[in-house]
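Numbering (the working numbering), first residue to last: 8 to 104. Where a beta carbon is used, it is the ideal one built from N, C-alpha and C, also for glycine. Being a predicted model, the structure only gives us computed values, none of them experimental.
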């Protein structure tokens with residue numbers, strides 16, 4: 008297996024770290040190792056129900072004034088507000104919009 012500069016996993020970024028204007032394609036939802044107020048399985052289910060599916064196009068539209076939280080995200084044409092902590096579970100491949 009190739010692990011050099013062309014390795015696909017090296018390009019994944021958590022949506023929660025993305026700045027306003029960032030865009031990409033969702034690679035996967037990964038809740039393991041993150042802390043939430045709800046069970047991880049519930050967070051994953053909610054994100055999927057909101058349209059955060061593998062292959063969906065996503066872009067960060069706005070950031071909150073205090074602490075840049077929450078963020079407004081466009082996913083496949085719908086606008087959704089998310090806490091950055093929840094957006095950390097959404098791994099995107101940036102630059103693909």
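Of the choices the options, whose alpha-carbon is the least far from that of residue i?
i: residue 34; options: 84, 59, 51 and 92; result: 59
i: residue 83; options: 45, 40 and 61; result: 61
Would you decide whether residue i is buried or exposed? Buried here means 16 or more other CB atoms lie within 10 Å of its CB.
i: residue 56; result: exposed
At the level of alpha carbons, what is the spacing between residue i and residue j?
i: residue 124; j: residue 76; result: Here the chain comprises residues numbered 8 to 104, so residue 124 is not present and cannot be evaluated.
i: residue 68; j: residue 81; result: 7 Å
i: residue 50; j: residue 43; result: 8 Å
i: residue 88; j: residue 66; result: 12 Å
i: residue 31; j: residue 25; result: 10 Å
i: residue 39; j: residue 53; result: 15 Å
i: residue 28; j: residue 78; result: 11 Å
i: residue 90; j: residue 73; result: 12 Å
i: residue 48; j: residue 93; result: 12 Å
| request: Would you be able to state if there are at least three C-beta pairs under 8 Å between the stretch 20-37 and the stretch 82-99? | output: yes
| field | Residue ranges of each beta strand (DSSP E) within the stretch 28-94, 3 or longer | value | 30-36, 64-70, 78-82 and 85-89
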